[in-house]
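Inspection log for the structure reproduced underneath, given as structure tokens.
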Amino acid sequence: AQKVTQAQTEISVVEKEDVTLDCVYETRDTTYYLFWYKQPPSGELVFLIRRNSFDEQNEISGRYSWNFQKSTSSFNFTITASQVVDSAVYFCALSAGNTGKLIFGQGTTLQVKP
Amino acid sequence: EAEVAQSPRYKITEKSQAVAFWCDPISGHATLYWYRQILGQGPELLVQFQDESVVDDSQLPKDRFSAERLKGVDSTLKIQPAELGDSAMYLCASSLDRSNQPQHFGDGTRLSIL
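Line by line, the protein sequences give chains A and B. With the numbering used here applied, the first sequence covers 28 to 141. With the numbering used here applied, the second sequence covers 408 to 521.
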């Protein structure tokens, strides 16, 4: 069975703080992909990143960084120097096999206060 | 505004009525997905199309839900008759193909059943 767990339901930080969103996944497939999406109040899910199971290199994109660790089945997302515009619901998702089907976690609501 | 077009943005209807949602994916995207997102949860796949063919409808309640993508471009999702438990956000997404390419989402249709 495939599963994604985002244990943090809500996180509240003050602007400029760093924040890490946790994601733990389960799959028996050796080839899989992990994704992060952002969902602002408008409702559209915005794609942030995709990693495949063979690439454990961490990635940085501006204030965003991702830490992929196969040993702990985790794919955590860090926002450095958070801003009010980062307030949204963030989803981690898994796709295994060659179906393209996404299995989403429950989401983490991030509130960044000014 | 999302590149994947969905309409309507909001729909309020009474139980037992019929309701339909429309989605126009990004041009050239062969794979189209319909997801249902209950408030406070992650999206769950209802149906997946590859061109005009259904490749996964295992989670679609087929006694009341139907979906089609007749010409392999835009798609319609229908519910008849609607039930109170169908109140949710219905999201459409598209991707180039099924090879775990990033999915691009529309703004969704928020359905409320009275």
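All residues carry an ideal CB built from backbone N, CA and C; glycine is no exception.
- Within 9 Å of the CB of Thr126(A), the CB atoms of chain B belong to Gln455, Val462, Asp463, Arg505, Asn507, in sequence order along the chain.
- The three-state secondary structure of Val480(B), taken from DSSP, is coil.
- The beta strand (DSSP E) runs lying completely inside the segment 78-103 of chain A and spanning 3 residues or more are 86-88, 91-96, given in chain order.
- By the beta-carbon neighbour count (other beta carbons within 10 angstroms, threshold 16), Pro415(B) is exposed.
- In the three-state scheme derived from DSSP, where H, G and I count as helix and E and B as strand, Asp113(A) is classed as helix.
- A check of alpha carbon separations from Gln424(B) across Asp493(B), Lys478(B), Val462(B) identifies Asp493(B) as the nearest.
- The beta carbon of Glu37(A) sits closer than 6 Å to those of Thr136, all from its chain and outside the five residues before and after it, given in chain order.
- Judged by DSSP in its simplified three-state form, Gly492(B) adopts helix.
- Taking the Cα positions, Leu484(B) is about 32 Å away from Arg55(A).
- Ranked by Cα distance from His436(B), the options Thr516(B), Asp514(B), Leu521(B), Cys499(B) are led by Cys499(B).
- In the structure shown, Ala427(B) adopts extended strand secondary structure according to DSSP, grouped into three states.
- If you draw a 10 Å sphere on the C-beta of Pro141(A), you find fewer than 16 other C-beta atoms in it, and that means exposed.
- Classified as buried, Thr438(B) has 16 or more neighbouring CB atoms from the shown chains inside 10 Å of its CB.
- At a cut-off of 8 Å between beta carbons, His436(B) makes no contact with chain A.
- Three or more beta-carbon pairs drawn from the segment 439-454 of chain B and the segment 472-479 of chain B are found closer than 8 Å, and the two stretches are therefore classed as touching.
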